[in-house]
Amino acid sequence: VNVYIPNGGRGDHRIEYKLNYYDEMLDLLEKRRAAGENLVICGDFNTAHTEIDLARPRANVNVTGFLPVERAWLDKFVGAGYVDTFRHLNPETTGAYSWWSYRSAARKRNVGWRIDYFYVNEEFMDKVKNSEIMAEVEGSDHCPLELNLF
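Residue numbering for the sequence shown follows our numbering, starting at 812 and increasing by one per position.
As C-alpha cells, then:
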C-alpha cells in the first residue's frame, strides 16, 4: 500500500485533517489485516517519528512534521502492530534521512528528516531481508527507499 500523508501545514485545522487521514488509513489497513493479508505500507508519512529521525529535533519540536501529537499517532500505529522496517533493522543509525529542504543546501549538509517509511505488519517482519534509504539518489527533495523480502 503506497501512501502520501498530507503535510500538517500551518494552523490547527491542517493538523486535525492530517490526524483524521492517519486514522482512516489505519482503519483501512486493519480491515485488510483482519482479512488475513500481510501488508507493506510505504510512502511519505510527513512525520519524523523520533529524535533520531531528524537532524535537529530540538529546533523542530514545535514544527509540523515533528509535533508531539503527530509523533504520538505514529506511536499508536506501531502499537497497533506495524513495524518501521528501517528502524527495526538499524536501531542506532543516525544521519539517515529521506527528505531535505531545498533551502540552505540542507541535503549537502545532511540536515534532513526521515519521513518516508516502509512499514510491515508484525506478522510479516520475518520476511524482511533489509530496508535501505538510498540517499545517494538525487533528483527530488526526497530520496527512494528500498525494501527486500525473503
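The beta carbon of each residue, even a glycine, is placed where N, CA and C say it ideally should be.
Give me the residue from the options with the minimum Cα distance to residue i.
i	options	result
His860	Ser909, Val939, Phe935	Ser909
Ile945	Ile816, Ser915, Phe897, Lys938	According to the sequence displayed, residue 945 carries Met and not Ile. Checked all of Ile816, Ser915, Phe897, Lys938; the closest Cα to Met945 is Phe897.
Val812	Val889, Tyr928, Glu881, Asp823	Tyr928
Tyr832	Glu848, Asp937, Asn901, Glu881	Glu881
Asn873	Gly819, Glu934, Leu900	Gly819
Ala866	Thr904, Met936, Asp823, Phe935	Thr904
Ordered along the chain, which non-local residues of its own chain (more than five positions away) have a Cβ less than 7 angstroms from that of residue i?
i	result
Ala917	Trp911, Gly923
Gly963	Since the first and last residues shown for the chain are 812 and 961, residue 963 lies out of range.
Lys940	Asn959, Leu960, Phe961
Thinking residue i and residue j are a contact (beta carbons under 8 angstroms), I'd like their distance in whole angstroms, please.
i	j	result
Ile852	Val894	Wrong, their Cβ atoms sit about 10 angstroms apart, outside the cutoff.
Thr858	Ile926	6 angstroms
Asn932	Arg844	6 angstroms
Ile826	Asp855	The pair is not a contact, with the Cβ atoms about 16 angstroms apart (cut-off 8 angstroms).
Leu837	Ala891	7 angstroms
Count the other C-beta atoms from every protein chain shown that fall within 10 angstroms of the C-beta of residue i, then say buried if there are 16 or more, exposed otherwise.
i	result
Asp864	buried
Val948	exposed
Ser951	exposed
Lys829	buried
Tyr913	exposed
Leu840	buried
Please go through the same chain and pick out, in chain order, the residues whose beta-carbon is closer than 6 angstroms to the beta-carbon of residue i, but skip the five residues on each side of it.
i	result
Glu943	Glu957
Cys954	Ser909, Met945, Ala946, Val948
Glu934	none
Entirely enclosed beta strand (DSSP E) segments - the region 900-959, minimum 3 residues:
927-932, 939-944
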